[in-house]
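Those letters in the sequence shown? Residues 1 to 134, by my numbering.
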Amino acid sequence: MGAKKRMPIASLETNFMKQQEVSMRRAAKRKKLLIRRLSVFLVLALALSYLTISSYISRTSLLEAKKEEKVRLEATLAKLEKKQTMLENEVIKLNDDEYIAKLARSEYFLSDKGEIIFNIPEQKKKEEEDEVPY
1 MGAKKRMPIA
11 SLETNFMKQQ
21 EVSMRRAAKR
31 KKLLIRRLSV
41 FLVLALALSY
51 LTISSYISRT
61 SLLEAKKEEK
71 VRLEATLAKL
81 EKKQTMLENE
91 VIKLNDDEYI
101 AKLARSEYFL
111 SDKGEIIFNI
121 PEQKKKEEED
131 EVPY
């Protein structure tokens with residue numbers, strides 16, 4: 001039960017066999033060069049894909065940051081525009097003498113000649129005083 005012994009096969013040294021060996025070597029060499037070219041192409045394709053994807057990701061994150069900043073700035077702009085209209089209305093009111101007189105009476109307790117100013121507590125303060133238990 002031993003392993004069968006293989007007898008070496010002698011190769012024929014004919015022109016046909018030489019041509020076949022040369023042809024097989026050329027085919028092996030072509031296959032080897034093809035594998036090398038495909039490997040180089042694959043490496044270049046992977047590098048280009050990596051650069052493209054990383055650029056896309058960084059641009060996307062930058063775009064999101066810019067969108068957030070835009071929303072924040074739009075909110076600030078809306079507040080500032082509202083404040084500007086309020087200030088413009090205040091300027092218009094301050095150009096009116098009657099408004100200035102009313103403001104001076106209420107805020108600074110100024111009066112015209114012969115007027116007496118009485119300080120009446122506001123409604124909220126009055127309600128709070130009424131609710132205090134004795």
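Each residue gets a CB set at the ideal place from its N, CA and C atoms; glycine is no exception. No experiment lies behind these values; they were computed from the predicted model shown.
I need the DSSP call for residue i, collapsed to helix, strand or coil.
{"i": "residue 10", "result": "coil"}
{"i": "residue 35", "result": "helix"}
{"i": "residue 122", "result": "coil"}
{"i": "residue 96", "result": "coil"}
{"i": "residue 106", "result": "helix"}
{"i": "residue 115", "result": "coil"}
{"i": "residue 4", "result": "coil"}
Residue j and residue i - do their beta-carbons sit closer together than 8 Å?
{"i": "residue 117", "j": "residue 111", "result": "yes"}
Grab me the residues of residue i's own chain with a C-beta within less than 7 Å of its C-beta, minus the 5 sequence neighbours each way, in chain order.
{"i": "residue 122", "result": "none"}
{"i": "residue 21", "result": "none"}
{"i": "residue 82", "result": "none"}
CA-CA distance, residue i and residue j?
{"i": "residue 28", "j": "residue 57", "result": "43 Å"}
{"i": "residue 15", "j": "residue 24", "result": "14 Å"}
{"i": "residue 36", "j": "residue 75", "result": "59 Å"}
{"i": "residue 72", "j": "residue 45", "result": "41 Å"}
{"i": "residue 9", "j": "residue 32", "result": "28 Å"}
{"i": "residue 89", "j": "residue 95", "result": "10 Å"}
{"i": "residue 60", "j": "residue 41", "result": "28 Å"}
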